[in-house]
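Student: According to full-length UniProt numbering, the sequence shown holds residues 1 to 755 in order. For glycine and all other residues, C-beta sits at the position ideal for the given N, C-alpha and C. Fair warning: this is a prediction, and the values are worked out from it, not measured in the lab.
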Amino acid sequence: MKFGEQLRSSVIREYQWYYIDYNGLKAELKTAKVGGREWTEDDETRFVGKLEDELEKVHTKQQVKAMEISRRIAVSEREVRDVVGRLNDRGLGDQGPCEEEFVLLEEDLGDIIAEVHDLAKFVQLNYTGFYKIIKKHDKMTGWHLRPAFDTRLKAKPFYKENYDTSVIKLSTLYDLVRTRGNPVQGDSAAGGSQASFVRQTTKYWVHPDNVTELKLIILKHLPVLVFNAAKAFEQQDSAITSIYFDNPDTWDLYEGRLKKTEGAEAIRLRWYGGMKTETVFVERKTHREDWTGEKSVKARFSVKEKNVNAYLSGELLPTALFDKARREGRKSEKAIAEDERLASEIQYAVLKRGYRPVCRSFYNRTAFQLPADARVRISLDTELTMMREDNLDGRRRCGDNWRRMDIGIDYPFAQLPPDDVVRFPYAVLEVKLQTQLGQEPPAWVRQLISSHLVEAVPKFSKFIHGAACLFPDRIHLLPFWMPQMDVDIRKPVTHDFGIRRRPGTAGTTTSSEDEEDLDSDDGAGHDDDGPRQQPVNDAEGQTADDAHQGAADFPIYDSDDEYDENYELDEARRLGGRRYYSALVTAKARSLARGALSVVKAVAPRPRPSRIPESQRQRQLFGPGAVVEQRRFRAPPGKKIYVPVRVEPKVYFAAERTFLGWLEYSIYVGAIAVTLLNFGTRTSSLSFWSAAAFTLLALLSLSYSVVVYLYRSRAIRSRRAARYYDRWGPSVLCGALFAAVAVNFVLEGRQRGLL
Numbered sequence: 001m002k003f004g005e006q007l008r009s010s011v012i013r014e015y016q017w018y019y020i021d022y023n024g025l026k027a028e029l030k031t032a033k034v035g036g037r038e039w040t041e042d043d044e045t046r047f048v049g050k051l052e053d054e055l056e057k058v059h060t061k062q063q064v065k066a067m068e069i070s071r072r073i074a075v076s077e078r079e080v081r082d083v084v085g086r087l088n089d090r091g092l093g094d095q096g097p098c099e100e101e102f103v104l105l106e107e108d109l110g111d112i113i114a115e116v117h118d119l120a121k122f123v124q125l126n127y128t129g130f131y132k133i134i135k136k137h138d139k140m141t142g143w144h145l146r147p148a149f150d151t152r153l154k155a156k157p158f159y160k161e162n163y164d165t166s167v168i169k170l171s172t173l174y175d176l177v178r179t180r181g182n183p184v185q186g187d188s189a190a191g192g193s194q195a196s197f198v199r200q201t202t203k204y205w206v207h208p209d210n211v212t213e214l215k216l217i218i219l220k221h222l223p224v225l226v227f228n229a230a231k232a233f234e235q236q237d238s239a240i241t242s243i244y245f246d247n248p249d250t251w252d253l254y255e256g257r258l259k260k261t262e263g264a265e266a267i268r269l270r271w272y273g274g275m276k277t278e279t280v281f282v283e284r285k286t287h288r289e290d291w292t293g294e295k296s297v298k299a300r301f302s303v304k305e306k307n308v309n310a311y312l313s314g315e316l317l318p319t320a321l322f323d324k325a326r327r328e329g330r331k332s333e334k335a336i337a338e339d340e341r342l343a344s345e346i347q348y349a350v351l352k353r354g355y356r357p358v359c360r361s362f363y364n365r366t367a368f369q370l371p372a373d374a375r376v377r378i379s380l381d382t383e384l385t386m387m388r389e390d391n392l393d394g395r396r397r398c399g400d401n402w403r404r405m406d407i408g409i410d411y412p413f414a415q416l417p418p419d420d421v422v423r424f425p426y427a428v429l430e431v432k433l434q435t436q437l438g439q440e441p442p443a444w445v446r447q448l449i450s451s452h453l454v455e456a457v458p459k460f461s462k463f464i465h466g467a468a469c470l471f472p473d474r475i476h477l478l479p480f481w482m483p484q485m486d487v488d489i490r491k492p493v494t495h496d497f498g499i500r501r502r503p504g505t506a507g508t509t510t511s512s513e514d515e516e517d518l519d520s521d522d523g524a525g526h527d528d529d530g531p532r533q534q535p536v537n538d539a540e541g542q543t544a545d546d547a548h549q550g551a552a553d554f555p556i557y558d559s560d561d562e563y564d565e566n567y568e569l570d571e572a573r574r575l576g577g578r579r580y581y582s583a584l585v586t587a588k589a590r591s592l593a594r595g596a597l598s599v600v601k602a603v604a605p606r607p608r609p610s611r612i613p614e615s616q617r618q619r620q621l622f623g624p625g626a627v628v629e630q631r632r633f634r635a636p637p638g639k640k641i642y643v644p645v646r647v648e649p650k651v652y653f654a655a656e657r658t659f660l661g662w663l664e665y666s667i668y669v670g671a672i673a674v675t676l677l678n679f680g681t682r683t684s685s686l687s688f689w690s691a692a693a694f695t696l697l698a699l700l701s702l703s704y705s706v707v708v709y710l711y712r713s714r715a716i717r718s719r720r721a722a723r724y725y726d727r728w729g730p731s732v733l734c735g736a737l738f739a740a741v742a743v744n745f746v747l748e749g750r751q752r753g754l755l
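Have a look at this one:
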C-alpha cells in the first residue's frame, strides 16, 4: 500500500485537519519539475516554508492534545479518588456510591485510553510522512534536505512524547474502577518470592507502531506492576540491564542455549534502574527438556555492587557473602543455604570454565500483573539494545571490572561505535502463564496473541541474538529467527480487536465517509495485495540522531518511486522532439523486458507458493482462499542457521521399533529362502535359483535396515533437521519381493512345462 493511501485510510476524525499535507507537498515537488527544469533555490525556499508550516501544525496539535489528555487524567483521578473514598468511608446505614457511577467512570477512562491511542497513531503517521516526503524531495531534486530538517525536527520533537507515565496512571485508575475500589493487594517487590519461579513463557515481536496500542489494550485487563507504589514514577525505574557471561573461545553457554540441550545454562548479572543501583542480582537459567518431567528454572541471589568483582574473582567466598544475612535473620536458614549453594556453583563455573562478560542487554520494561498473582504476567520490553562487554580485538571495554563504565542507561548509546552496539528494531512481548495441567489462558490473552499486533518468535533470546550480531567473526551458528529480521512483521488490521470508543463519541477513527471524495495517491492500477514481506533496515549503525528515525525509515509501505515511467513519458510527450522518442523507446523496451521475464518465470522451474490448510487466523489476516508463500533462506557464507529439533526418549524407541520391524521382515524372507533350498520337491536348479532370489532379498532388506537405523540414530543424537521418513525404501523392497516371487513362479512354470 502506498503511503498516501495508508494516510487516508488511517484518518481520525478529530485530527483530520492536522495531518501533514502529504499530497500537497508531493504536488509541489512534481509541479516544480514540470518541463524538466532544474530545481532552483526559490523552489527549495518555497518547499521548506510549506514543510515548516506543516511541522508547526502537527507539533501544535500534538502539544495541545497531550496537555488536554493530562488534564483529563487529572480530573478522572480526582473523580475516582472521590468515589472510592466515599465507598471506604461509608457508614453502616449509608448507601455509598452506586454501580452506575463506576460504570460511568470506566467509560470515561476508556475514552481517555482511546484518546492516548489516537494521539500515538497520529504522531507515528505524521512522523513517517515527514521522512517519506523528505526522502522523495532528496531523490527528485538532488538537494539534500534531511540533515537540515533533522535540526528543525529536534526543535519541535512531537514524536518524542513518552506515554509511559500516562499508561501507569491510567492503569492504576482503571484497576481501581474495574475492581470497584478493591484492587488486589500483595507483595510486588522485585525480589523475595520471585527468586525462583517456574513459568511457561511465549515470546512475540511488536512493531514500534503498535507498542502504545498494545499497552493500552493490556492495561484494561491487567494493571501495570509497580514495585514501589509510594515513589513517583521515573523513566529509569523501568530500565533493566543484564550482563551475560560466556567463554569467548568455546561459546558453550551460547550453543547450549541455542540448541536447547538438556541442562543448558545461562549466567547473567542484572540490575534495575540506573548505574548507581547498589543491588545486583546474580542469575542462572537452566533449561530442562519436557521429557524429564521438570520445568526450566531461573534461580538468583542478590549481592552488593561493590562485592561483585571480589565474588567473580574468587576472593569473596559464598559463605562470607551471606554472613550478614545469616546474622540478621532476614531469611530462613533453608533459603540462605539454597542461595549459598547457588552462589558456589556459579562461582565455580565462572572460575573453572573461564566465563567472562561478553555482552550487555538494555531495555525498558513495562510489566502487567496482579500483585502476588503470577498466573498471568505480561511484560513488554522496548528500546532493546545489545552492547559488547568483552576485551577482545585489542580493546579493553570493561577492563578488570565486571561491566564497562563508559555507558549507562542513556539510550540510544550514541557514544558507542557501530561495531559495539545493536539496536533491536522491535519491542519484545513476553506472555508468562502459570503452568498447571489443563489450565487454559484467559480468552483475552488468546485473542491478543492471535491478533495483528504481535509476531510469534518462539524461544527468542536477547543473549543469543546479541551474541550472534555482535560477534559475527566468532559465532557461526545462528538462531533460527535471523531470517525473520528481513521480513516486515506488520499484518493487516483485524478490526474485531483493538482500542474502541463508545458509539457516538467524538474522534471516532474513520475513513469510509471521505474515501469517495479522495483520488488515488498514485492513480489507478495499484492494488493492496502486494507481498508484505518487505526488508527491515538494520539498526546497528544508528546514531543518536537516527535512533528515532529508524522507525520511519523501515520500508513499511511500498516503494516511494511514484515518479514513474508514465509520468516521464507524459512529460516527454509534452516537450516533444528527440526526448519523446527516446523516452518512448525506453518505455517499450522495459515493457517487452517485463513480458519476456514473465514468460521465463512461467516456464522455468522455480519454487511455487504452497497452499496450506486455511485456519481462522489466516482467513482473518489474508482473506479466504489466500496463498501463503513459504520462503527458504540461506545462511551467510561460513555460517549455519540452527533449527530447533525436539528430541525425546520415545524418538529413540521409535527408531529401534522400526529397525526391529525390518529385521522381522528379513527373517521371514530368509525363512522362505531356506525352505525352498532345503525342502524343495525336486532337487534341481529351480530350488537353488528361487532360494537365491529370496536370500538376496533378505540380505538386501537386512543391510538396508541397518544402514537406515544407524543414519537415523546419528541424526537424532546430533539433532539434525534431517528427513527421518523413508521415501523409497519400502517401495523398492516391495518391488524386489514381487520380483523374487515372479522369478520363482516363472521357474516353477518352466519346470512343469506350463511356460
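Where does residue 809 fall in DSSP's three states?
Tutor: Because the chain spans 1 through 755 in this model, residue 809 falls outside it and cannot be assessed.
Student: For the structure I just gave you, are there three or more beta carbon pairs, one from the region 308-316 and one from the region 368-380, closer than 8 Å?
Tutor: no
Student: Please go through the same chain and pick out, in chain order, the residues whose beta-carbon is closer than 8 Å to the beta-carbon of E345, but skip the five residues on each side of it.
Tutor: Within the same chain, E345 has close Cβ partners R284.
Student: Quick one: Cα of V226 to Cα of D488, how far?
Tutor: Answer to the nearest angstrom: the Cα atoms are 33 Å apart.
Student: Do K215 and V167 have their C-beta atoms within less than 8 Å of each other?
Tutor: yes
Student: Contact between the region 240-255 and the region 205-220: three or more CB pairs below 8 Å?
Tutor: no
Student: Is P248 closer than 8 Å to V358 when the C-beta atoms are compared?
Tutor: yes
Student: What separation, rounded to the nearest whole angstrom, lies between the Cα atoms of T543 and R330?
Tutor: Any reading at T543 is ruled out, since the residue's pLDDT is 38, under 50, leaving its predicted position unreliable.
Student: For A427, count neighbouring Cβ atoms within 10 angstroms of its own Cβ and tell me buried if that reaches 16, exposed if not.
Tutor: buried
Student: Quick check on the burial criterion: 16 or more other C-beta atoms within 10 angstroms. Buried or exposed for E99?
Tutor: exposed
Student: Are at least three pairs of beta-carbons, each pair with one atom in the region 381-391 and one in the region 459-470, less than 8 Å apart?
Tutor: Flag = yes, the region 381-391 and the region 459-470 touch.
Student: Can you confirm whether the region 441-457 touches the region 406-419 when touching is taken to mean that 3 or more C-beta pairs between the two stretches lie within less than 8 Å?
Tutor: no
Student: Is the region 649-665 close to the region 471-490, with three or more CB pairs under 8 Å?
Tutor: no
Student: Name, in chain order, the residues that DSSP records as bridge partners for S379.
Tutor: A367 and E430
Student: Quick check on R750: does DSSP put it in helix, strand or coil?
Tutor: helix
Student: Looking at the structure shown, is S242 part of a helix, part of a strand, or coil, going by DSSP?
Tutor: Residue state, collapsed to three classes: strand.
Student: Taking the straight line between their C-alpha atoms, what separation do you get for L733 and G661?
Tutor: 13 Å
Student: DSSP state of Q702, grouped into three classes?
Tutor: The amino acid at residue 702 is misidentified as Gln; the sequence shows Leu. Helix, per DSSP.
Student: Quick one: using the 10 Å Cβ neighbour count with 16 as the cut-off for buried, is L478 buried or exposed?
Tutor: buried
Student: For L51 versus L25, is the C-beta spacing smaller than 8 Å?
Tutor: yes
Student: Suppose you measure from the CA of L153 to the CA of V48; what does that come to, to the nearest Å?
Tutor: 13 Å
Student: Which same chain residues, not among the five before or five after residue 760, have their C-beta less than 7 Å away from its C-beta?
Tutor: This structure gives no information on residue 760, because the portion of the chain shown stretches from 1 to 755.
Student: Using alpha carbons as the reference points, say which of A325, P418 and L429 lies closest to R365.
Tutor: Checked all of A325, P418 and L429; the closest Cα to R365 is L429.
Student: Give the straight-line distance between the Cα atoms of V536 and L219, rounded to the nearest whole angstrom.
Tutor: In this prediction, V536 has a pLDDT of 38, which is less than 50 and means its spatial position is unreliable; nothing more can be read from the coordinates.
Student: Are S171 and P223 close, meaning C-beta to C-beta below 8 Å?
Tutor: yes
Student: In terms of residue numbering, what span does the beta strand (DSSP E) encompassing L416 cover?
Tutor: Run containing L416: none; DSSP gives neither H nor E here.
Student: Taking 7 Å as the limit between beta carbons, can you name the residues of its chain near N744, skipping five residues before and five after?
Tutor: The beta carbon of N744 is closer than 7 Å to those of S690 and A693 in its chain, skipping five residues each way along the sequence.
Student: Are three or more beta carbon pairs between the region 74-84 and the region 141-151 nearer than 8 Å?
Tutor: Not touching, per the Cβ criterion.
Student: Helix, strand or coil for W444 per DSSP?
Tutor: helix
Student: Could you name the residues of the same chain whose beta carbon sits closer than 7 Å to that of V58, not counting the 5 residues immediately before and after it, in chain order?
Tutor: Y18, I20, N126 and F158
Student: Rounded to the nearest angstrom, what separates V11 and M140 at their Cα positions?
Tutor: 27 Å
Student: Below 7 Å CB to CB, which residues in the same chain sit around T286 once its five sequence neighbours on both sides are set aside?
Tutor: G263, E265, S296 and V297
Student: For residue 757 and H221, I'd like the C-alpha separation in whole angstroms.
Tutor: Outside the displayed range of the chain (1 to 755) lies residue 757, so it cannot be described from this structure.
Student: Kindly indicate which three-state DSSP category C98 falls into: helix, strand or coil?
Tutor: coil
Student: Applying the 10 Å Cβ sphere with the 16-neighbour rule, what's the burial state of Q62?
Tutor: Q62 counts as buried, since at least 16 other C-beta atoms from the protein chains shown sit within 10 angstroms of its C-beta.
Student: If the criterion is Cβ atoms closer than 8 Å, does the pair L29 and H137 meet it?
Tutor: yes
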